[in-house]
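Order-wise, the sequence lines are chains A and B.
Counted from 1, the first sequence has number 196 at position 196 by full-length UniProt numbering; the numbering is strictly sequential.
Counted from 1, the second sequence has number 39 at position 39 by full-length UniProt numbering; the numbering is strictly sequential.
Glycine included, every Cβ here is placed at the ideal spot set by N, Cα and C.
Contents: one structure, followed by commentary.
There are 2 protein chains.
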Amino acid sequence: MPSPLRNGDAPPPRLPSPAVGRHPHHFHSTVSEQKIRRLNALILLLRLAAFCFSLAAAIFMGTNTSRSPGSPSWLHFHPFRLVFAANAIMAAYSLFAMGFSISEILKGATLFPEPLQLWFDFAHDQVFSYLVLAAEAAGTVEARGLVGAHVCTAESAFCVQAYISVALGFAGFVFLALSALVSGFRVACYVITGSRFHL
Amino acid sequence: MPSPLRNGDAPPPRLPSPAVGRHPHHFHSTVSEQKIRRLNALILLLRLAAFCFSLAAAIFMGTNTSRSPGSPSWLHFHPFRLVFAANAIMAAYSLFAMGFSISEILKGATLFPEPLQLWFDFAHDQVFSYLVLAAEAAGTVEARGLVGAHVCTAESAFCVQAYISVALGFAGFVFLALSALVSGFRVACYVITGSRFHL
């Protein structure tokens, strides 16, 4: 039975060799063009999902107010105000970021200078994902506290709407955190190779 | 072919000996050797800081219990239990991660296979930083709620100790998040160039 390794053939290296011989020029093939288009489309999708969830969460919280005189309103609970503000900020940011992404996909160039745009995207994704997570955790504790304070027995609709808003906010956080991962990878690629197109 | 360590290029004797010559197929210059040593030292420092703060936070929360019969204990508040658990987990993880870092600095090789180790570090840093942030946000809401429930007028020491624990946990989170940034950069460097040594 013939061996797959003939005499004199070195076994294939297990580790990929370091980037010796790679060219730091901005040359990029159709293959990496395609990868970049896919990466941009992925970021756009993640941001669209984050936008939808955070907008829904902000609307659910913002409309969670008096059905009858004397009923509780989200404005009376500081953590719920934080949930509303964080989700509104995330929705606004996601909308702008989607605009940037679409203009980049259509025009093939970033709106700001490239390094600025990459750092802007990554820093905002990361910071806003921390902000939203903290707000949702705070909202969860407040929503659990409502049960203990017997608010929910009298006003179950208020509690259910608050729960839904917090849950939607958590879903938005997941997509924003994934988007931060991808845009962080883009920044690292730029820092290491000097070009986003070196994939 | 120039040797990575030429005459007169030896590293200063006070620094731990680098991994030069252990991986002859990973040719890398003294400059990037130095950068890698700095990056490893930076990660070790960040983890040491995260360990100190999270251990202090866990101890402050875990000892926040009955001074007199009938006084409140942290065990009665779910968010405070979460703060304790999250900080204890972060302290244990940071201790292990410091061990990995020190063994890497001393031996010049990672404990696990390199890609596994890099992904392990980054994933744990990122996930635990989200966990700790959520726990601290929950703890903050609970601590503010104590003031509203007039627990703090009778038991001000309990409240002060809870505040200190939450604040220490936030400080630990900052260092763990910075550590996640650096280890994320290491992973991206490995994914893009096939070697951590290409800086």
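Extent of the continuous alpha helix (DSSP H) to which residue i belongs
i	result
Phe100 (chain B)	78-107
Leu181 (chain B)	156-193
Arg38 (chain A)	30-62
Pro72 (chain A)	From DSSP, Pro72 (chain A) is part of no alpha helix (DSSP H); its letter is neither H nor E.
His124 (chain B)	114-148
Beta-carbon neighbours of residue i, restricted to chain A and to distances below 9 Å
i	result
Val147 (chain B)	Within chain A, no residue comes near Val147 (chain B); the closest Cβ sits about 12 Å away, beyond 9 Å.
Residues of its chain near residue i, where Cβ-Cβ distance is below 7 Å and the 5 sequence neighbours each way are ignored
i	result
Leu95 (chain A)	Phe51
Gly121 (chain A)	Reading off the sequence, residue 121 (chain A) comes out as Asp, not Gly. Here the set comprises Ala97, Ser183.
Met90 (chain B)	Ala50, Ser54, Phe128, Val132, Gly172, Leu176
Ser187 (chain B)	Reading off the sequence shown, one finds Val at residue 187 (chain B), where the question assumed Ser. So the qualifying residues of the chain are Leu118, Trp119, Phe122.
Ser103 (chain A)	Leu111
Pro115 (chain A)	Tyr190
Leu42 (chain B)	Val182
Ala58 (chain B)	Phe84, Asn87, Ala88, Ala91
Neighbouring residues, chain B, relative to residue i (Cβ below 7 Å)
i	result
residue 261 (chain A)	Past the boundaries of the shown model lies residue 261 (chain A); chain A is included only from 1 to 199, so the question cannot be answered.
Partners in chain B for residue i, counting only beta-carbon separations shorter than 8 Å
i	result
residue 247 (chain A)	Here chain A comprises residues numbered 1 to 199, so residue 247 (chain A) is not present and cannot be evaluated.
Cβ neighbours of residue i in the same chain (closer than 8 Å, five flanking residues each side left out)
i	result
Asn64 (chain A)	Ser73, Trp74, Phe80, Phe158, Gln161, Ala162, Ser165
Ala135 (chain A)	Pro79, Leu82, Val83, Ala85, Ala86, Asn87, Gly169
Leu93 (chain A)	Looking at the sequence shown, residue 93 (chain A) is not Leu but Tyr. Excluding sequence neighbours, Tyr93 (chain A) sits near His124, Phe128.
Gln126 (chain B)	Ala180, Gly184
Val174 (chain A)	none
Asp9 (chain B)	Low confidence applies to Asp9 (chain B): its pLDDT is 43, below 50, so where it sits in the model is not reliable, and the reading given next is rough at best. Answer for Asp9 (chain B): Thr30, listed in chain order.
Burial state of residue i (16 or more Cβ within 10 Å)
i	result
Gly99 (chain B)	exposed
Ala180 (chain A)	buried
Arg47 (chain B)	buried
Phe112 (chain A)	exposed
residue 277 (chain B)	Lying before the first or after the last residue shown, residue 277 (chain B) is absent from chain B, which here runs from 1 to 199.
Gly139 (chain A)	buried
Gln34 (chain A)	exposed
His124 (chain A)	buried
Phe31 (chain B)	Phe is not the amino acid found at residue 31 (chain B); the sequence shown has Val there. Per the 10 Å Cβ criterion, exposed.
Leu106 (chain A)	exposed
Leu178 (chain A)	buried
Ser71 (chain B)	exposed
Ala137 (chain A)	buried
Ala109 (chain A)	exposed
Ser156 (chain B)	exposed
Ala149 (chain B)	exposed
Ala154 (chain B)	exposed
Residues near residue i by beta carbon distance below 6 Å, same chain, minus five either side
i	result
Ala56 (chain A)	Leu168
Cys152 (chain B)	Leu146, Cys159
Phe77 (chain A)	Glu142
Gly62 (chain B)	Phe84
Leu44 (chain B)	Ser101
Using a Cβ-Cβ cut-off of less than 7 Å, give me the residues of the segment 169-186 of chain A that come near chain C, in sequence order.
-> This model lacks chain C altogether, as its protein chains are A and B.
Which residues, in chain order, does the segment 85-116 of chain A contribute to contact with chain B at a C-beta distance below 8 Å?
-> none
Would you list, in chain order, the members of the segment 121-136 of chain A that have their beta-carbon closer than 9 Å to a beta-carbon of chain B?
-> Gln126, Ser129, Tyr130, Leu133, Ala134, Ala135, Glu136
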